[in-house]
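Chemist: Can you keep this structure in mind? I'll have questions shortly.
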Amino acid sequence: MKKSILLLLMVLLYQPIFAQKKIWDETEAEKTKRLEWWTNDRFGMFIHWGTYALAGRHEWVKKNERIPDSEYQKYFDNFNPDLYNPTEWAKMAKAAGMKYAVITSKHHEGFTLFDSKFTDYKVTNTPYGKDALKEWVDAFRAEGLKIGFYYSLIDWHHPKYTIDRVHPQSVTTKEEYDAINKDRDMSVYREYLKNQVREILTNYGKIDILWLDFSFPGEFGKGRDDWGSVELMKMVRKLQPEILVNDRADLKDYAGGWDFTTPEQFKVPFWPTYEGKKIPWETCQTFSGSWGYYRDEYTWKDTKQLLVLLIESVSKGGNLLLNVGPTGRGTIDYRAQNALADMGDWMKVNNRSVYGCTQAPETFAVPDNCILTYNPKTNRLYIHLLDYPLQNFTLPGYKGKVKYAQFLHDASEIKISAPRGHWVEQNLAENDINLSLPVNKPPVEIPVIELILED
Ligand code: GLC
Numbered sequence: 021m022k023k024s025i026l027l028l029l030m031v032l033l034y035q036p037i038f039a040q041k042k043i044w045d046e047t048e049a050e051k052t053k054r055l056e057w058w059t060n061d062r063f064g065m066f067i068h069w070g071t072y073a074l075a076g077r078h079e080w081v082k083k084n085e086r087i088p089d090s091e092y093q094k095y096f097d098n099f100n101p102d103l104y105n106p107t108e109w110a111k112m113a114k115a116a117g118m119k120y121a122v123i124t125s126k127h128h129e130g131f132t133l134f135d136s137k138f139t140d141y142k143v144t145n146t147p148y149g150k151d152a153l154k155e156w157v158d159a160f161r162a163e164g165l166k167i168g169f170y171y172s173l174i175d176w177h178h179p180k181y182t183i184d185r186v187h188p189q190s191v192t193t194k195e196e197y198d199a200i201n202k203d204r205d206m207s208v209y210r211e212y213l214k215n216q217v218r219e220i221l222t223n224y225g226k227i228d229i230l231w232l233d234f235s236f237p238g239e240f241g242k243g244r245d246d247w248g249s250v251e252l253m254k255m256v257r258k259l260q261p262e263i264l265v266n267d268r269a270d271l272k273d274y275a276g277g278w279d280f281t282t283p284e285q286f287k288v289p290f291w292p293t294y295e296g297k298k299i300p301w302e303t304c305q306t307f308s309g310s311w312g313y314y315r316d317e318y319t320w321k322d323t324k325q326l327l328v329l330l331i332e333s334v335s336k337g338g339n340l341l342l343n344v345g346p347t348g349r350g351t352i353d354y355r356a357q358n359a360l361a362d363m364g365d366w367m368k369v370n371n372r373s374v375y376g377c378t379q380a381p382e383t384f385a386v387p388d389n390c391i392l393t394y395n396p397k398t399n400r401l402y403i404h405l406l407d408y409p410l411q412n413f414t415l416p417g418y419k420g421k422v423k424y425a426q427f428l429h430d431a432s433e434i435k436i437s438a439p440r441g442h443w444v445e446q447n448l449a450e451n452d453i454n455l456s457l458p459v460n461k462p463p464v465e466i467p468v469i470e471l472i473l474e475d
């Protein structure tokens, strides 16, 4: 008897602790459904745009050069993107094969691209004078792209936001932090951030993605308690129940606290997992080293690298969010425009190996210098030829699995036939098949073979 009362007490006591770990109730199947469009679309545009575009040397310029507010103000005072035409941006994204876009509604500098009731440090108070976010949403939606807002949890302008180790005014010792923060108060900032997230999720219609950035717990850092992440996320889910949220609000251990993970500027070696399970993921990457416009930065990736980034992400079950940093005039850098156009040329005829595709079943061996993707609905396998082979192309262990083979870009048949040259013939193992490729590499950056598989 006593034992059972004790047990009951324990259960009652522990319940709130367990309950806290949940933002909302949703089954695995419901989550998969909610993410379906995104998992299918695979390719999006990231846009970093703020007053840092005027400095033209990284969106972290305020921190990197420890610029005080008074001096940074010139970028605000001169923000007037007279050539801003979000319809053009949307058309570029679409032509590149991108299906969704995420823009910085506010970055770490604290400047808002939207008309907020809670600050004066906003686009409508610059010489530009208009709600640039509103114009962006209308334009991108009109082009049929899904809409996402990046919102920086970090804020280098709000007077009550406490100075931390990534702040432009960062110091070193605890005593110094105590002194510099004595008039600052995160509870005030917490309200502010919640109010602004409410604004962007209320005033612009249906928002498909919320991209919060970022937590850095630990000494002189910030995490969920500083942001009020639990309350914030509950509000987000209530305001936009279908929205997708990234994983940077420090809520990894909360059900409903995040939807996908965000490996940044590196290629994952395999499909990322959490607690042993494969999870939705999206890598965010730049065309060159910086997110915000950087005039004198020269590490631009070439078309093949960019396409491989996309294909490889899909081959591991993930998405690619590729960034542009528009200029202070509101234009997209010519190098990014060229790269987008080149990707578009490829996507136009090859996107079937991207949309709706994922990691190929392990039963298909990966031939040398190739990347595989697979569409489970159509049961087609895509072989991306990174290094175009000379005529004989062996598919190891594929015998009996392939009904028909063709190039994807022009639907021309590729013959499944004995390899040329008896040396090669002898080397073909019993379960291998050979494809006879034309000598000339087809006129696409990365040729794709589409295999229609046996049921
Ligand atoms: C980092 C940077 C930031 C950029 C972001 C994109 O968190 O702080 O400048 O916006 O990554 O993923």
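Here the sequence shown is numbered in the numbering used here, starting from 21 and rising by one per residue.
Positions of the beta carbon are idealized from the N, C-alpha and C atoms, including for glycine.
Report yes if the CB atom of leucine 448 is closer than 8 Å to the CB atom of proline 439, and no otherwise.
Modeler: Yes, the pair counts as a contact, with Cβ atoms nearer than the cut-off.
Chemist: Rank Arg315, Tyr402, Phe307, Arg349 by C-alpha distance to the C-alpha of methionine 363 and give the top, closest one.
Modeler: It is Phe307 whose Cα lies nearest to the Cα of methionine 363.
Chemist: Could you give the first and the last residue of the continuous beta strand (DSSP E) run that contains asparagine 412?
Modeler: Its beta strand (DSSP E) spans residues 412-415.
Chemist: Taking 7 Å as the cut-off, is the CB of aspartate 61 close to at least one heavy atom of the ligand GLC?
Modeler: Aspartate 61 Cβ: outside cutoff for every heavy atom of the ligand GLC.
Chemist: What is the DSSP secondary structure of alanine 39, reduced to helix, strand or coil?
Modeler: The predicted position of alanine 39 is uncertain, since its pLDDT is 49 and thus under 50; a value taken from the coordinates is nonetheless stated next. If DSSP states are grouped into helix, strand and coil, alanine 39 belongs with the helices.
Chemist: What three-state label does DSSP hand alanine 425 in the structure shown?
Modeler: DSSP places alanine 425 in strand when its eight states are reduced to three.
Chemist: Report buried or exposed for tryptophan 58, applying the criterion of at least 16 other Cβ atoms within 10 angstroms of its Cβ.
Modeler: The residue is buried, with at least 16 neighbouring Cβ atoms inside 10 Å.
Chemist: Based on DSSP bridge pairs, tell me the residues matched to alanine 121.
Modeler: DSSP lists Met65, Ile167 as partners of alanine 121.
Chemist: Threonine 414 and proline 387 look like a contact to me (Cβ under 8 Å); what is the Cβ gap, rounded to whole Å?
Modeler: That belief holds up - the Cβ atoms of threonine 414 and proline 387 are roughly 7 Å apart, short of 8 Å.
Chemist: Taking just the CA atoms, how far does isoleucine 434 sit from proline 458?
Modeler: Between proline 458 and isoleucine 434, the C-alpha separation is close to 8 Å.
Chemist: Using only the heavy atoms of the ligand GLC, determine whether one of them is closer than 7 Å to the beta carbon of histidine 128.
Modeler: Indeed, a heavy atom of the ligand GLC lies less than 7 Å from the Cβ.
Chemist: Which runs of the alpha helix (DSSP H) at least 4 residues long sit entirely within the region 132-220? Give them in chain order.
Modeler: Here the runs fully enclosed are 152-162, 194-200.
Chemist: Would you list, in sequence order, the uninterrupted alpha helix (DSSP H) runs of no fewer than 4 residues that lie entirely inside the region 320-373?
Modeler: With a minimum length of 4 residues, the continuous alpha helix (DSSP H) runs that stay inside the region 320-373 are 323-335, 354-370.
Chemist: Taking aspartate 233 as part of the alpha helix (DSSP H), name the residues at either end of that continuous run.
Modeler: Taken as a continuous stretch (DSSP letters only), aspartate 233 belongs to no alpha helix (DSSP H), being part of the beta strand (DSSP E) at 229-233.
Chemist: What is the rounded straight-line gap between the Cα of glutamine 189 and the Cα of lysine 83?
Modeler: Cα to Cα, the separation comes out at about 8 Å.
Chemist: How big is the Cα-Cα spacing for alanine 269 and glutamate 195?
Modeler: Taking the straight line from one Cα to the other gives about 28 Å.
Chemist: Looking at the strands, I want to know which residues DSSP matches up with arginine 400.
Modeler: DSSP, once it has assigned bridges, lists Asn395, Ile472 as partnering arginine 400.
Chemist: Do the region 145-154 and the region 192-207 touch if we need at least three Cβ pairs shorter than 8 Å?
Modeler: Cβ pair count under 8 Å is below three, so no.
Chemist: Is tyrosine 68 near the ligand GLC, with its Cβ less than 7 Å from a heavy atom?
Modeler: According to the sequence provided, residue 68 is histidine. The question's tyrosine does not apply to it. Answer for histidine 68: yes, Cβ within range of the ligand GLC.
Chemist: Out of Ala49, Lys51, Met118, point me to the one whose CA is closest to aspartate 61's CA.
Modeler: It is Met118 whose Cα lies nearest to the Cα of aspartate 61.
Chemist: Return the first residue and the last residue of the beta strand (DSSP E) that threonine 306 is part of.
Modeler: Unbroken beta strand (DSSP E) run through threonine 306: 302-306.
Chemist: For leucine 173, I'd like the list of residues in its chain whose CB is within less than 6 Å of its CB, leaving aside the five on either flank, ordered along the chain.
Modeler: Taken in chain order, the residues that qualify are Leu232, Trp247.
Chemist: Can you grab the Cα-Cα spacing for the pair leucine 360 / leucine 55, in whole Å?
Modeler: Cα to Cα, leucine 360 sits roughly 25 Å from leucine 55.
Chemist: Given the structure, does aspartate 475 come close to the ligand MN, in the sense that its CB is under 7 Å from one of the ligand's heavy atoms?
Modeler: Of the ligands this structure carries, namely the ligand GLC, none is the ligand MN.
Chemist: Is phenylalanine 234 near the ligand GLC - that is, is its Cβ less than 7 Å away from at least one heavy atom of it?
Modeler: For the ligand GLC, at least one heavy atom lies less than 7 Å from the Cβ of phenylalanine 234.
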